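Student: Residue numbers (this note's numbering), protein chains in the order written: chain A, 1 to 575; chain B, 1 to 314; chain C, 1 to 143. Ideal placement from N, C-alpha and C gives every residue a C-beta, glycine not left out. Note that the structure is a prediction, hence the values are computed from the model and not measured. I have a structure here, written as structure tokens, and I will follow up with some questions on it.
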């Protein structure tokens, strides 16, 4: 649909709305009351055909608001349903998870952090706060501000951790230590718990809370220009994309246009990050299937990219290069020939690796048909990034809603139709090659000029910024009231929507493929270590290491059946 | 009296504990260094295996509360004792063949099972679900390879005309015949599994994964396990050399030749370790029972025919 | 210097604990294994069980969910052992100091359990692999 048709379509639901606002031509806000939110969201998802991004819960003093953000990718528009909950004492809203499984997690989070009751939710359990978090304390409510300023900190009990399945406890304080439920490798079993029937996975449940540092709350206490430092530490390897998305949201509120050179510099840093992130993934995938040589090799060739980034920004990760209004540091022109030379070498090695992977029959047999995420599931779970593009969902923020310099450069979006692990591997490898081309073009076309504009004030308003991180879309929603700090800052990392889709791709598959399927989603490294298999009665049958071993054994068996000696990787630099 | 003292000297100093221990540590170093070089890395220095063991001896030993204490503590010692006696036996056969006794090959086979048995006992006494998984895999693995190993030795016994003495068997080199070569190849793979190397290390995985049968052990007990592994690296290839390749000489050229044969077996083990990924336990069992069993069945037939009609190359 | 300590310095086996980090430090730790840095030369080995470990490499601010696990891991590591706080978050929580789910830097949690614990700090965000290796080696030499 084009813009006119979209507006006409939206007017069909006008009777359920209390208002429609446009902050820019690509940001539409549909205001409604909480009772109608379910119908409006259903309409947007099913009739208009948008993609669910995330939901932001806001405590707006006298009322609560839940903002459901939907993306209309063919126009690059973000349509937000702003549902107002007037009842501040007992806020409640109906769950949209029944028709939108991708919203399940965020509704649990909103319940945990804001205390809004979500009715009809299929699986309302604690998601994001610790097991022993006190009841009735909702961190994102404004009443917590005073407590936190007073120095309130959460205390943890000194009881030993309890495994949810068995619930047995053993006392502390003896020279001979207990084993069993508190085994440190079992501590992670709360992350993912798979139920199996023989060798086939029948269900999984997930628990996240380890990395929850309360960043959204911390962001409200920082000034606008301090937030990029916070936000680049959401995830170490998407650390250029998060600040970029945030900064774009704020620039949208203030109507700031960064200078052209800044757009190119931002593009170059982001693409370099994509290259080393995909190489990291290739190494890890090799490790999971038992090709440790690929692991060592891929990580060895990440190093030159990290060195380049260090020369440009001063750090191998966490660049701190983006600010509201442009970039903090420029790429010195003397550095450009060196960068181009390194890129040529890198392109050579990556092409070799891609060819080796695409031609290897063992990898074909091992990775094809495993962990298939069907196109419909990809849409229902609202996945993004290579996970989506590998299932023939052709979304890429860089093309749909061009930011930085992507609209000015010539590049392709890579998709594959099969949806299995092999397809995702192909997407990532080809994207790495594409990224090298983008960086090269950007370096050659780098315009002269300043790299930042001065920013005086951020007026009241709200903005949505998104960027394509290596794992998918990062989305930041910022609301300002004219002061120095954000009133509300919602951050969404791509893994938040990609990891739950693990359910759809893993159920019905074999245990030996579990680590690989999770890895193909490319969650943050620590997420993949939290994996265990339980049988119907809750007894741990396999843990992560065993699953890893099974994965590698399956590869070895395939190798034997095909009589293939292994990947040949030449390294002419080493003798 | 002197007889007893000599025996103690043999077991503890030379060629027993001290001597074999040092050779075993050097062998572990070689294995780690070669693996590192294959991955474009530099690898550890020569003293590393010894330093590892010394360090472990200096740490406190933690025993899980729910573990079966006596079995947990005795298991590594039993395994260690078994493998030490085995190596002493083999050295004695090499250097003092007249001291060997008839039937010592049967003793050797029994002693070879001890380390695996000790591992199973120790990890099942650990009362940890992780170790339990490792235990069940180790048990299945032992069930898998013991039979082919015994069959391979039977081939050699047949070829030597029914001799049950290691010294007598060591006089010939069965590997130079077809049945002997088949038995040799199968027993290399059985040794690979017994040593716990890739592709058969599913009970204790590589260092990065690290869980499994050894998981609950720490400090001094872990040091004993490590030492046992090091000595196995000497004892098991030596067993192969003695039984299949014509043994060690006592001195001079035969000794050098014997050392080269040992190094060859070690190199084969390292090569197999570095060029293969891990195998699944049920595939491993199928491999040992079906494929190896079949090969050895053929070998036994060939050996029987060969010794009946005096055809040496069969 | 006793032989125990001497052997410990030449063969420090490490166990990695993530108590709520952004993964940068974790990736830099794994980088130490790769050919460019190769810590096996120094006898350092990454083990899979804290019972085999001589040093804990702890990353991350300690979140409320991770704190009990960190305590358990420390108790299950045979002494003598050293705790290395890798990265600014582990050393002193850094920007997450005011977080409601943050229980405090690593040394606070460890000292509650064992006032005599040996703790070393490797700051950085993230510390480069060279810094991590240098920190571990220096701390061991100082024992």
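At the 7 Å Cβ level, is residue 158 of chain B part of the contact set with chain A, yes or no?
Tutor: no
Student: So what does DSSP say about residue 197 of chain B, is it helix, strand or coil?
Tutor: Three-state DSSP puts residue 197 of chain B in coil, outside helix and strand.
Student: Counting beta carbon pairs with one atom in the segment 479-497 of chain A and one in the segment 271-281 of chain A, are three or more of them shorter than 8 Å?
Tutor: no
Student: Is residue 486 of chain A helix, strand or coil when you go by DSSP?
Tutor: strand
Student: Since residue 11 of chain A and residue 83 of chain A should fall inside the 8 Å C-beta cutoff, what is the C-beta to C-beta distance between them, to a whole number of angstroms?
Tutor: Not a contact, Cβ separation roughly 19 Å.
Student: When you compare only the Cα positions, how much space is there between residue 61 of chain B and residue 52 of chain C?
Tutor: 10 Å
Student: Please report the distance separating the alpha-carbon of residue 255 of chain B from that of residue 248 of chain B.
Tutor: In a straight line, the C-alpha of residue 255 of chain B is about 6 Å away from that of residue 248 of chain B.
Student: In the DSSP assignment, what residue or residues form a beta bridge with residue 452 of chain A?
Tutor: A/326
Student: Would you verify that the beta carbon of residue 52 of chain B is, or is not, closer than 7 Å to some beta carbon of chain C?
Tutor: yes
Student: Go ahead and label residue 361 of chain A buried or exposed: buried means 16 or more other beta carbons lie within 10 angstroms of its beta carbon, across all protein chains shown.
Tutor: exposed
Student: To the nearest angstrom, how far is the alpha carbon of residue 470 of chain A from that of residue 267 of chain A?
Tutor: 13 Å
Student: Which residues in chain A sit within 8 Å of residue 172 of chain B, going by Cβ to Cβ distance?
Tutor: Listed along chain A is no residue with a C-beta nearer than 8 Å to that of residue 172 of chain B; the closest approach is about 34 Å.
Student: Mind listing the chain B neighbours of residue 40 of chain C? Cutoff is C-beta to C-beta under 7 Å, in chain order.
Tutor: 36, 41, 43, 44
Student: Is any beta-carbon of chain B found at less than 7 Å from that of residue 117 of chain C?
Tutor: no
Student: With 7 Å set as the bound, which would you pick, yes or no: does the beta-carbon of residue 11 of chain A sit closer than that to a beta-carbon of chain C?
Tutor: With a threshold of 7 Å between beta carbons, residue 11 of chain A makes no contact with chain C.
Student: Can residue 236 of chain A and residue 24 of chain C be called in contact, C-beta distance under 7 Å?
Tutor: yes
Student: Return the CA-CA distance between residue 87 of chain C and residue 281 of chain A, expressed in angstroms with no decimal places.
Tutor: 23 Å
Student: In whole angstroms, what separates the C-alpha of residue 306 of chain A from that of residue 232 of chain A?
Tutor: 16 Å
Student: Where do the N-terminal and C-terminal ends of the beta strand (DSSP E) with residue 118 of chain A fall, by residue?
Tutor: Counting along the chain, the beta strand (DSSP E) containing residue 118 of chain A begins and ends at 117-119.
Student: The beta strand (DSSP E) with residue 15 of chain C in it runs from where to where?
Tutor: 13-18
Student: Indicate whether at least one CB of chain C lies closer than 7 Å to the CB of residue 218 of chain B.
Tutor: yes
Student: Under 6 Å: does the beta carbon of residue 64 of chain C sit that close to some heavy atom of the ligand GDP?
Tutor: In terms of ligand content, the structure shown is empty, and the ligand GDP therefore cannot be addressed.
Student: Quick one: what's residue 28 of chain B bridged to in DSSP?
Tutor: BP columns for residue 28 of chain B are empty, so no partner.
Student: Helix, strand or coil, according to DSSP, for residue 317 of chain B in the structure here?
Tutor: Absent from the model: residue 317 of chain B. The displayed extent of chain B is 1 to 314, so no value can be given.
Student: Using the three-state DSSP reduction, which class does residue 311 of chain B fall into: helix, strand or coil?
Tutor: coil
Student: Please decide whether residue 10 of chain C counts as near chain B, where near means a Cβ-Cβ distance under 7 Å.
Tutor: For residue 10 of chain C, the answer is yes, since a Cβ of chain B falls inside 7 Å of its Cβ.
Student: Straight-line CA distance for residue 74 of chain B to residue 294 of chain A?
Tutor: 41 Å
Student: With a cut-off of 7 Å, does the C-beta of residue 83 of chain C fall near any C-beta of chain A?
Tutor: no
Student: Counting only beta-carbon separations shorter than 7 Å, does residue 134 of chain C have a partner in chain A?
Tutor: It does not; no Cβ of chain A falls within 7 Å.
Student: Can you name, in chain order, every residue of its own chain whose Cβ lies under 6 Å from the Cβ of residue 197 of chain B, other than the five neighbours on each side?
Tutor: 273
Student: Rounded to the nearest angstrom, what separates residue 283 of chain B and residue 357 of chain A at their Cα positions?
Tutor: 25 Å
Student: Please name the residue in A/507, A/520, A/521, A/513 whose C-alpha comes closest to that of residue 205 of chain A.
Tutor: A/507
Student: Kindly indicate which three-state DSSP category residue 64 of chain C falls into: helix, strand or coil?
Tutor: coil
Student: Report the neighbours of residue 69 of chain C on chain B: residues whose CB is nearer than 9 Å to its CB, in chain order.
Tutor: Going along chain B, no residue has its Cβ under 9 Å from residue 69 of chain C, so there is no contact; the nearest lies around 16 Å.
Student: Closest Cβ-Cβ distance between residue 102 of chain C and chain A: below 7 Å?
Tutor: yes
Student: Are the segment 140-147 of chain B and the segment 88-105 of chain B touching, with three or more C-beta to C-beta distances below 8 Å?
Tutor: no
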